[in-house]
Amino acid sequence: MSGILETPEGRRIAYDRIGGAGPGVVFLGGFRSDKEGTKALALEAWAKAAGRAFLRFDYSGHGSSSGDFLDGAIGDWFEDARAAILGLTEGPQVLVGSSMGGWISLLMARAHPEKVAGLVTVAAAPDFTEDGMWGGFSDDQRRALMEEGQVALPSDYSDEPYIITRRLIEEGRGRLVLRAPLSLPMPVRMLQGTADADVSVDVALRLLDHAEGGDMRLTLVKGADHRFSTPECLKLIEVSVKKVVERARHG
1 MSGILETPEG RRIAYDRIGG AGPGVVFLGG FRSDKEGTKA LALEAWAKAA GRAFLRFDYS
61 GHGSSSGDFL DGAIGDWFED ARAAILGLTE GPQVLVGSSM GGWISLLMAR AHPEKVAGLV
121 TVAAAPDFTE DGMWGGFSDD QRRALMEEGQ VALPSDYSDE PYIITRRLIE EGRGRLVLRA
181 PLSLPMPVRM LQGTADADVS VDVALRLLDH AEGGDMRLTL VKGADHRFST PECLKLIEVS
241 VKKVVERARH G
């Protein structure tokens with residue numbers, strides 16, 4: 001079933017969901033991605049075949065949801081995810097967060113641990129606005145961002161550059177998860193490619209070292225890139241989600 005959810009902040013979020021057994025699975029996409037991506041659709045097909053409840057959605061400014069991408073920031077997209085998860089699912093959910101969605105899934109686990117039965121992250125990019133963007137900007141780029149309100153970065157995925165706004169950077173500083181204790185008392189499986197040019201293995205290792213939890217594993221896939229969408233990678237995501245669902249069901 002497809003629909004539109006109006007969030008408490010007044011944004012209109014496009015979503016697709018299927019009914020099924022719990023715990024359900026929720027896919028959280030990445031920066032400038034949408035709910036029609038390869039991983040989202042592959043996971044939905046798996047959920048249908050398994051009879052498992054499933055939800056995918058577009059953040060505001062992404063895909064079919066309302067808003068302009070350039071107006072958004074991590075906090076807005078976290079609010080969108082929270083509204084979708086709290087409003088469209090029943091009981092605790094297994095969150096599957098890809099890239100930026102990995103960061104947002106960690107924010108959700110921190111804010112609403114009772115709603116998160118487990119986590120699977122794929123090339124998770126926690127704190128990327130601070131560490132990956134601001135931290136990597138030249139003095140000229142930082143100056144342009146502060147004075148002009150935005151800076152353009154080349155994209156490996158589109159002919160159009162990424163426009164990074166001052167608000168994205170500044171608002172993200174209030175959403176960082178690697179600077180304070182991060183308790184993840186649910187089963188967690190982290191997947192990371194060694195050939196990822198956007199999120200390095202060091203980020204995955206830092207998250208593994210930083211987070212606190214009794215059931216946490218990181219799997220490195222040699223040669224996999226940031227898309228993590230080859231048939232082998234998609235199968236690994238499926239297997240990881242199935243394992244986390246089973247562990248969540250049995251406590």
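Note that the UniProt record's numbering has the sequence shown beginning at 1, numbered continuously upward.
Positions of the beta carbon are idealized from the N, C-alpha and C atoms, including for glycine.
In the DSSP assignment, the beta strand (DSSP E) including residue i goes from what residue to what residue?
| i | result |
| --- | --- |
| E6 | S2 to E6 |
| F78 | Where F78 is concerned, there is no enclosing beta strand (DSSP E), although the alpha helix (DSSP H) it sits in stretches over I74 to L88. |
| R11 | Taken as a continuous stretch (DSSP letters only), R11 belongs to no beta strand (DSSP E), as it is neither H nor E. |
| R56 | R52 to F57 |
| E21 | The question names Glu, but residue 21 in the sequence shown is Ala. Its beta strand (DSSP E) spans residues A21 to L28. |
| A248 | It is not in any beta strand (DSSP E) - A248 instead sits in the alpha helix (DSSP H) that spans P231 to R249. |
Excluding the 5 residues flanking residue i on each side, which residues of the same chain have their C-beta closer than 8 Å to its C-beta?
| i | result |
| --- | --- |
| D215 | M186, P187, V188 and R247 |
Among the options, which one has its Cα closest to the Cα of residue i?
| i | options | result |
| --- | --- | --- |
| L234 | T165, G24, A45 and L184 | A45 |
| M133 | V199, G91 and A109 | V199 |
| D196 | A224, R173, E171 and R217 | A224 |
| L236 | A42, H210, G118 and D209 | A42 |
Determine the extent of the alpha helix (DSSP H) in which residue i is found, giving its start and end residues.
| i | result |
| --- | --- |
| A204 | V201 to H210 |
| M146 | D139 to E148 |
| R179 | Taken as a continuous stretch (DSSP letters only), R179 belongs to no alpha helix (DSSP H), as it is neither H nor E. |
Here's a check: name, in chain order, each residue in its chain whose Cβ is nearer than 7 Å to the Cβ of residue i, leaving out the five neighbours to either side.
| i | result |
| --- | --- |
| P71 | Just to set this straight, residue 71 is Asp in the shown sequence, not Pro. Correct list, in chain order: G61. |
| R175 | I74, G75, F78 and L107 |
| residue 320 | No statement about residue 320 is possible, as the shown extent of the chain runs from 1 to 251 and does not include it. |
Can you give me the Cβ contacts of residue i inside the same chain, cut-off strictly under 6 Å, excluding the 5 residues immediately before and after it?
| i | result |
| --- | --- |
| A144 | V151 |
Should residue i and residue j be called a contact, given that it needs their Cβ atoms to be closer than 8 Å?
| i | j | result |
| --- | --- | --- |
| L106 | L55 | no |
| V221 | G251 | no |
| A81 | R52 | no |
| K35 | D68 | no |
| A117 | P23 | yes |
| V177 | P126 | yes |
Spell out a yes or no on whether the segment 92-99 and the segment 19-38 are touching, meaning 3 or more CB-CB pairs, one atom from each, closer than 8 Å. Yes, since at least three Cβ pairs between the segment 92-99 and the segment 19-38 fall closer than 8 Å, the two stretches touch.
Whether or not the segment 116-124 and the segment 159-174 are in contact is what I'm after, with contact meaning three or more pairs of Cβ atoms, one per stretch, closer than 8 Å; do they touch? In short, these stretches do not touch, since the Cβ pair count stays below three.
For the pair the segment 108-118 and the segment 221-240, tell me if three or more CB-CB distances fall below 8 Å. Contact fails: fewer than three Cβ-Cβ distances are below 8 Å.
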